[in-house]
Structures are given as C-alpha cells and as structure tokens.
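**Student:** The UniProt record's numbering numbers the first residue of the sequence shown as 1 and each following residue consecutively. What follows is a single structure, and I will ask about it in a moment.
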Amino acid sequence: MTALHRSTDSTVLVGGPPSKLPTVHGLFTLRTYIHDGTAHAVMSIGDPAAVDAPLVRVHSECLTGDALGSHRCDCGDQLSASLAAIAHAGTGILIYLRGHEGRGIGLENKLRAYALQDAGLDTVAANRALDLPDDARDYTAAAAILNDLDCPRITLLSSNPSKVTALEGMGITVADRLSLQVPDRPENAGYLEAKRRLMDHIAPAEHPHVDTTEANTEGTGDTASTVGTISTVGEEDTLAVYDTIAGGDEVVAQLAQSEDGFIATSNGDAQFVSGQIDRAHLHRIRASVGAVLVGCGTVVADDPQLTVRAVPGKNPVRVILDPHGRIPATATVLTSPEAPTLWLTGAEVVPPKDIGDHVHMVRLPATADSEISPATIISLIREHVSGSILVEGGGRTVSSFLSAGVLDRLFLTSAPVLIGNGVPGIRFEGTEVMAEALRRPFRRYRFGEDMCTEYLLSKSASGGSTENADRSPGDASTA
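Written out as structure tokens, the structure reads:
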C-alpha cells in the first residue's frame with residue numbers, strides 16, 4: 001500500500017532569501033522554498049554545489065518527534081544527528097519537507113494511528129486499519145530543490161531505500177546512502193522493528209554509517225569528526241585519542257554528570273544525563289578497549305548492555321565487579337551472549353544454575369577488610385583480557401579508581417542540567433588546601449550542549465595524546 005508519489009509536473013519553485021541560523025551544531029544558511037503552495041525549509045552549510053555528492057538529509061516533518069520531543073519515533077534524534085553530521089562534514093544540505101507528517105497522512109490521522117498502536121497494532125497495521133497508505137509522502141519538492149541548488153548528485157542520509165528509489169525516479173542520482181547511527185530507544189524499538197520488517201528500512205549497522213561524535217577545538221570553532229568514509233579537516237586529531245586507547249593498555253574512565261555533580265536523580269533515573277553525541281563518544285571508547293568495567297550498583301540500577309551500538313566496532317569483554325553477588329540472575333550481562341562477561345565475585349557467591357555460557361566467574365582474593373584494591377582488580381582483569389580497560393561506572397567505582405591513582409585518563413562530561421540531589425558522580429577524599437588539589441593536563445571537547453574534559457592523569461597518557469599535553473597542569477589545551 002506504499003504510495004510514494006513521483007510527480008513530474010512543472011510546478012513553479014520559489015526560493016526565499018537566505019539568512020543565517022546559528023544552532024548547537026554550527027552556523028547554517030536557512031531559506032524557504034515554496035512548491036505547490038507549501039513552504040519547505042532548507043538548511044545548508046558550505047558550498048554543496050562544489051562537492052561531487054554532498055551529504056543530504058531529506059527530512060519529513062514530524063511535530064511530535066522534532067518539536068515536542070516524542071520518543072515514539074526516532075525523527076527528532078535523526079534530525080539532530082543529520083545536522084551534526086552535515087556540520088561535521090563542513091558541506092551539506094538538510095531539506096525539511098512540510099506536509100509529510102505521519103509519513104504523509106497528516107497530524108490528525110497520525111494521532112488516530114497512535115491510538116491504534118496503543119491498542120496493539122504496529123505502525124503499518126494501524127495505517128491500514130484506517131484505510132490509509134503505508135507511506136504517502138511525495139518527494140517532488142525535494143528533487144526540485146536539489147536541482148535548483150545545482151546538486152543533482154548526492155550522498156543521502158537515510159535508512160529508507162524507498163526514499164532512494166523515489167529521488168532517483170525524479171532524476172536525482174544517489175551516489176551513496178549512509179545510515180545515521182541513532183540507537184533505538186525502549187519506547188520506539190517496536191516501531192523501528194516494524195519499519196525494518198515491513199517497509200524494508202535498514203538497521204544502521206547493516207550499511208556504512210554516519211558517526212555524529214564531534215570534538216570542537218576550544219576557542220577556535222574548528223570541528224573534527226567522521227562521516228562514513230568521508231574525511232574532514234582535523235579528523236586525525238580527534239581519532240588519535242581513540243587510536244591511542246585502542247593501541248595501548250591504558251586504564252580509562254568515563255563518566256557523565258550534571259553541572260552540580262550527579263549521575264542520576266535520587267531514585268536512580270539516569271536516562272539520560274548527557275546527550276546523544278556524548279553517548280556516541282562513550283561507544284567509541286568501548287569499541288577501543290578490550291574490557292569495560294562497572295560496579296554491581298550500576299548493573300542493579302540500570303541493567304546496561306555494555307555493548308557497542310552507536311558506532312562500528314567489536315564489543316569489549318564486560319567485567320562486573322560484584323564481591324557479594326548482588327546482581328540478579330536476570331541481568332542483561334548474565335543473560336545476553338552478545339559479549340563475553342567476567343563476573344568478579346567473592347568466594348562465597350553461588351552462581352545461578354542457568355548462567356550463560358558467555359559468563360566466566362572469577363573469584364576475588366580474600367582480604368582482611370573485604371576491600372579489593374583497584375590495582376588488584378586491574379591485575380586480575382589483565383590475566384584474562386588484553387588491551388585497554390574502560391572503567392565506566394558508576395560514580396563510586398570511577399571515584400575509587402581515580403583516588404587510587406590507577407587511571408591513565410578520565411573523560412568527565414558535564415551536562416547543562418542541575419539535578420539538585422541524587423546519585424553523586426566524582427567524589428573522593430580531597431584536600432583542605434587548594435594548592436594541593438588534583439590538577440592535571442587536560443583537553444576539552446564540546447559534544448553538542450555537553451562539555452567533555454579529558455584529564456591526562458599519567459605520563460604515558462600525556463605523552464601519547466598530544467605533544468602539548470606536558471605543559472603546566474591546569475593549562476587549557478586543545479583537542
């Protein structure tokens with residue numbers, strides 16, 4: 001029942017004057033195009049016409065996802081990731097097609113379909129129950145706009161092969177299609193699965209991807225990133241951090257916390273402290289290490305997967321520090337075989353009968369005070385896993401490894417939110433003298449609205465990350 005219109009009429013296209021639009025992703029040029037009585041918005045950066053196949057996102061209007069922050073779909077996430085990717089590439093276009101609400105059925109019908117989905121129908125079945133097409137969008141305006149911008153050959157940011165077919169049917173050459181690496185959310189996983197199963201949408205991992213990680217050079221406005229296989233200015237400076245981690249045997253920690261120092265609310269809600277770009281950065285680190293370590297409190301509170309999903313890469317070995325066997329037998333790390341798992345427990349812990357084959361129990365050494373030092377834990381992990389180790393959480397675990405002096409580098413992201421009271425992030429026994437406070441060389445990255453500080457805590461990290469990192473502790477440095 002899909003009805004992708006391919007009109008070839010000669011409707012007049014009227015372009016409006018360009019204006020500047022500063023965004024969290026960069027400075028874009030914004031203009032309108034009126035086609036068949038509907039005004040569409042076009043955001044661009046750089047000179048797309050000068051590029052053989054510039055990045056292009058043809059984005060369908062979605063009030064609920066784009067403006068109201070709905071998680072029923074992935075439209076808002078896709079819009080943000082598209083703008084980030086285009087800004088990172090330095091050249092590209094986003095065409096925001098109005099009149100495409102609900103895959104072209106309109107806002108009222110979309111909300112009627114929502115009600116049917118709440119009753120158990122999938123997104124396609126709901127449309128059909130209302131006697132509406134699966135997809136009624138018309139891409140004629142997008143093709144006309146691209147031709148007017150002298151961009152008849154493009155690299156399309158989309159997971160929808162039908163969009164490629166529609167544009168090519170109107171004379172646009174789609175030289176390549178890149179999927180945006182936007183992780184599924186619990187609220188939209190069923191919706192996205194239905195589109196992949198019934199409408200041939202492609203899961204991001206099945207095609208060359210767009211990574212929206214960014215690292216702005218503080219004070220200059222330069223950006224560095226990866227967009228599929230497209231290199232950008234300064235990319236090597238940013239990727240060198242991950243390459244260094246991947247090529248060494250460092251102990252790296254990562255934590256995202258609010259401006260007032262909390263990683264979750266008082267009832268443990270941590271979804272999400274930082275934004276999508278910072279979470280993609282975390283997945284990059286996971287993809288660079290041999291093992292990722294969390295404490296049992298993180299598993300009990302969040303039931304994390306600890307896998308690589310937002311970027312390409314191999315899953316690290318999951319290491320769970322659980323001296324007293326607190327994590328439930330139903331925890332994802334024990335039941336999901338996606339990654340090998342080391343379960344570090346005390347000698348008295350009895351393993352569940354149905355423990356997965358991917359789980360290997362490692363007994364922690366007995367100590368007089370029942371406290372296992374971070375150095376001992378690292379040594380124990382290295383008996384089983386090579387490469388760098390990521391200490392991911394929670395706040396107590398990261399803080400103990402920082403205080404023990406076993407970390408080579410710490411990525412600490414501050415999100416522009418004030419929680420007021422909750423689960424603390426970095427905390428350790430400090431000093432009463434400011435001159436004796438912990439100061440180390442650092443570099444900063446702007447991840448959308450978030451600010452990530454990379455502390456270079458060891459001589460090897462300072463020497464391996466940047467030739468400028470050995471200057472006086474506390475001096476600002478660039479990424």
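Virtual Cβ for every residue (Gly too), placed ideally from N, Cα, C.
From this set, R363, Y33, R443 and G356, which residue's C-alpha is nearest D148's C-alpha?
**Tutor:** When each option's Cα is compared against that of D148, the closest is Y33.
**Student:** Let's test the definition: count the other Cβ atoms within 10 Å of the Cβ of R197 and tell me whether it reaches 16, buried, or not, exposed.
**Tutor:** Its Cβ having fewer than 16 others within 10 Å, R197 is exposed.
**Student:** Measuring CB to CB, does Q254 end up less than 8 Å from L456?
**Tutor:** Not closer than 8 Å, so no.
**Student:** Just the C-alpha distance for K20 and M170, rounded to the nearest angstrom, thanks.
**Tutor:** Those two C-alpha atoms are separated by around 30 Å.
**Student:** Can V252 and S388 be called in contact, C-beta distance under 8 Å?
**Tutor:** In this structure, S388 lies closer than 8 Å to V252 by Cβ.
**Student:** How big is the Cα-Cα spacing for G234 and I145?
**Tutor:** Note that G234 scores 32 on pLDDT, short of 50, meaning its location in the model is unreliable; the coordinates nonetheless yield the value given after this. Whole-angstrom Cα-Cα distance: 31 Å.
**Student:** For K20, report the span of its beta strand (DSSP E) as first-last.
**Tutor:** First-last of the beta strand (DSSP E) with K20: S19 to T23.
**Student:** Quick check on the DSSP output: the alpha helix (DSSP H) that includes S158 runs from which residue to which?
**Tutor:** S158 -> no alpha helix (DSSP H), and no H or E assigned at all.
**Student:** Using only the alpha-carbon positions, how far apart do T140 and H40 sit?
**Tutor:** One C-alpha to the other measures close to 12 Å.
**Student:** Okay, do the stretch 448-455 and the stretch 288-299 touch, 3+ Cβ pairs below 8 Å being the bar?
**Tutor:** These segments do not touch.
**Student:** Whole-angstrom Cβ separation of R137 and S82, contact assumed at under 8 Å?
**Tutor:** Contact flag wrong, Cβ pair sits at about 17 Å.
**Student:** Kindly list the residues whose CB is nearer than 8 Å to the CB of S403, restricted to its own chain and excluding five residues on each side of it in sequence; keep chain order.
**Tutor:** Counting only Cβ-Cβ distances below 8 Å, and skipping sequence neighbours, we find F428 and E429.
**Student:** Can at least three beta-carbon pairs, one atom from the stretch 66-80 and one from the stretch 103-111, be found at a separation below 8 Å?
**Tutor:** Segments in contact, no.
**Student:** Please tell me whether L287 and V311 are closer than 8 Å, where the distance is taken between their beta carbons.
**Tutor:** Reading the sequence as shown, one finds Ala at residue 287 and not Leu. Going by C-beta atoms, A287 is nearer than 8 Å to V311.
**Student:** Going along the chain, which residues of its own chain have a beta-carbon closer than 6 Å to the beta-carbon of L321, five neighbours each way excluded?
**Tutor:** Closer than 6 Å at the Cβ level, and outside the excluded window around L321, lie G295 and L344.
**Student:** Whose C-alpha, out of H35, R326, D47 and G37, is nearest the C-alpha of T29?
**Tutor:** Selected option, being the one with the closest Cα: D47.
**Student:** Going by DSSP in three states, E432 sits in which element: helix, strand or coil?
**Tutor:** Here E432 sits in coil by DSSP.
**Student:** Identify which residue in T244, A125 and R153 has its Cα closest to the Cα of G92.
**Tutor:** Per the Cα distances, R153.
**Student:** With 16 other CB atoms within 10 Å as the buried threshold, where does S414 fall?
**Tutor:** Counting Cβ neighbours within 10 Å, S414 comes out buried, since at least 16 surround it.
**Student:** Let me know if P22 comes out buried or exposed under the rule of 16 or more other beta-carbons within 10 Å of its beta-carbon.
**Tutor:** Classification of P22: exposed, given that the 10 Å Cβ count is below 16.
**Student:** Could you give the distance in angstroms between the alpha-carbon of A142 and the alpha-carbon of L178?
**Tutor:** Rounded to the nearest angstrom, the two C-alpha atoms are 18 Å apart.
**Student:** What is the C-beta distance between G425 and G261, in whole angstroms, given that I count them as a contact (C-beta under 8 Å)?
**Tutor:** Their Cβ separation, rounded to whole angstroms, is 5 Å, which keeps G425 and G261 in contact under 8 Å.
**Student:** Distance, Cα to Cα, R444 vs I285?
**Tutor:** C-alpha separation (whole angstroms): 16 Å.
**Student:** For a quick check, are the C-beta atoms of R31 and V24 less than 8 Å apart?
**Tutor:** Cβ atoms of R31 and V24: not closer than 8 Å.
**Student:** Roughly how many angstroms separate the alpha carbons of C151 and T397, rounded to a whole number?
**Tutor:** Whole-angstrom Cα-Cα distance: 52 Å.
**Student:** I think I372 touches P323, with their Cβ atoms under 8 Å apart; what is that distance to the nearest whole Å?
**Tutor:** Contact holds; Cβ gap of about 7 Å.
**Student:** Among L364, N421, P337 and H358, which has the Cα closest to the Cα of E348?
**Tutor:** Out of L364, N421, P337 and H358, L364 has the C-alpha closest to the C-alpha of E348.
**Student:** Per DSSP, which one or two residues make a beta bridge with G422?
**Tutor:** Partner(s): T265.
**Student:** If we ignore side chains and look at the alpha-carbon of each, how far apart do V58 and S44 end up?
**Tutor:** So the two alpha carbons sit approximately 12 Å from each other.
**Student:** Could you pull out every residue in the same chain whose Cβ sits closer than 6 Å to the Cβ of V359, ignoring the five residues on either side in sequence?
**Tutor:** Cβ neighbours of V359 beyond the five flanking positions: L334, T341 and W343.
**Student:** Pick from A435, V423, T64 and L180: whose alpha carbon is nearest that of D302?
**Tutor:** The candidate whose alpha carbon is nearest that of D302 is V423.
**Student:** If we ignore side chains and look at the alpha-carbon of each, how far apart do L130 and I105 end up?
**Tutor:** Roughly 10 Å separates the two Cα atoms.
**Student:** Taking 8 Å as the threshold (C-beta atoms), are S386 and I248 in contact?
**Tutor:** Just to set this straight, residue 248 is Gly in the shown sequence, not Ile. Cβ distance not < 8 Å, so G248 and S386 don't count as in contact.
**Student:** Give, in chain order, every unbroken run of the beta strand (DSSP E) that is at least 3 residues long and sits entirely within the stretch 337-417.
**Tutor:** Correct list: 341-345, 359-363, 389-393 and 409-415.
**Student:** Going by DSSP, what residues sit across from A34 in a beta bridge?
**Tutor:** It is worth fixing the name first, because residue 34 is Ile in this sequence and not Ala. Per DSSP, V14 and A39.
**Student:** According to DSSP, is A291 part of a helix, a strand, or is it coil?
**Tutor:** Strand.
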